[in-house]
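Numbering (the UniProt record's numbering), first residue to last: 1 to 248.
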């Protein structure tokens, strides 16, 4: 992944490869952050939106461990997110995309339309062109993947709060015109499709290997290719993608 690039006034890049930070669109106003209260610098406030409690707990632990960041609320879907944001007025929202009820894209759009100044950074497992563009069109200012280094997530929160648009390098590539496939499933080999179908049925790698008469290492290699072709970061997302696209 490419080295982060920030505008001159941004927080200096960390040197890791996970995210790039670009200026936010001119129409998006950044909230004032890092102010002082009684002489102390105010922490950047964050709301977590994800339907998995374990994910929220992990993120809260990482964020609250940073002295300049603090989690002020949590929500399990887009509808709850709007209520929590109104109540807490956070600087940044970390928004999952795939949630029951009102998903992350619709939730982001509702936050934008409500006039709230909080800045939404998507944190998801999906890097498909269509999802990325839909999230950014809905009003998200940043887009990260759930396998990102925790330090990069923290830097992305700071960057978004400062008025910039943190994007994972893989997301930047997905935005290129050449990155939009006509049919991602068509890029899969016969064996990759077989592996994907069995994973979507709930099989573990060892079971897939036994069913296809190949090694577990080969299964992992095929899965890596599948993830790259269809634009996901983990097997759960791959299984959901297979079901959504009727693969199998």
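For every residue, glycine included, the Cβ atom is placed at its ideal position computed from N, Cα and C.
Here's a check: name, in chain order, each residue in its chain whose Cβ is nearer than 7 Å to the Cβ of residue i, leaving out the five neighbours to either side.
i           : result
residue 191 : 222
residue 120 : 93, 95, 108, 111, 139, 140 and 141
residue 246 : none
residue 103 : 78 and 97
residue 56  : 48, 50 and 74
residue 131 : 97
residue 156 : 19, 121, 142, 144 and 166
residue 146 : 123, 124, 125 and 233
Residue i by DSSP, collapsed to three states: which one?
i           : result
residue 122 : strand
residue 167 : strand
residue 224 : helix
residue 30  : Any reading at residue 30 is ruled out, since the residue's pLDDT is 38, under 50, leaving its predicted position unreliable.
residue 240 : helix
residue 247 : coil
residue 232 : strand
residue 130 : helix
residue 216 : helix
Can you give the beta carbon distance from residue i to residue j, rounded, assuming they're within the 8 Å contact cut?
i           : j           : result
residue 85  : residue 47  : 6 Å
residue 168 : residue 143 : 6 Å
residue 236 : residue 158 : That belief does not hold up - the Cβ atoms of residue 236 and residue 158 are roughly 29 Å apart, past 8 Å.
residue 231 : residue 160 : Their Cβ separation, rounded to whole angstroms, is 23 Å, which puts residue 231 and residue 160 out of contact at 8 Å.
residue 150 : residue 118 : Incorrect: roughly 22 Å between the Cβ atoms, too far for contact.
residue 170 : residue 127 : 5 Å
residue 256 : residue 53  : Outside the shown range of the chain (1 to 248) lies residue 256, about which nothing can therefore be said.
residue 148 : residue 234 : Actually they are not in contact, since the Cβ atoms of residue 148 and residue 234 sit about 12 Å apart, beyond 8 Å.
Suppose the cutoff is 6 Å on Cβ atoms and the five residues either side in sequence are ignored; what does the same chain contact list for residue i look like?
i           : result
residue 188 : 229
residue 99  : 51 and 77
Which stretch, first to last residue, makes up the alpha helix (DSSP H) that contains residue i?
i           : result
residue 145 : Counting along the chain, residue 145 falls outside any alpha helix (DSSP H), though it belongs to the beta strand (DSSP E) covering 142-145.
residue 157 : 150-161
residue 205 : 205-212
residue 194 : 190-200
residue 175 : Here residue 175 belongs to no alpha helix (DSSP H), and DSSP marks it neither H nor E.
Excluding sequence positions up to five away, which residues of its chain have a Cβ less than 8 Å from the Cβ of residue i?
i           : result
residue 211 : 198 and 203
residue 243 : 200
residue 66  : 154
residue 205 : 216, 219, 220 and 223
residue 115 : none
residue 238 : 196, 199, 200, 223, 226, 227, 230 and 232
residue 83  : 75
residue 106 : 78 and 138
Query raised in the report: In chain order, which beta strand (DSSP E) runs of at least 3 residues are fully inside the stretch 38-114?
Result: 44-49, 69-75 and 92-95
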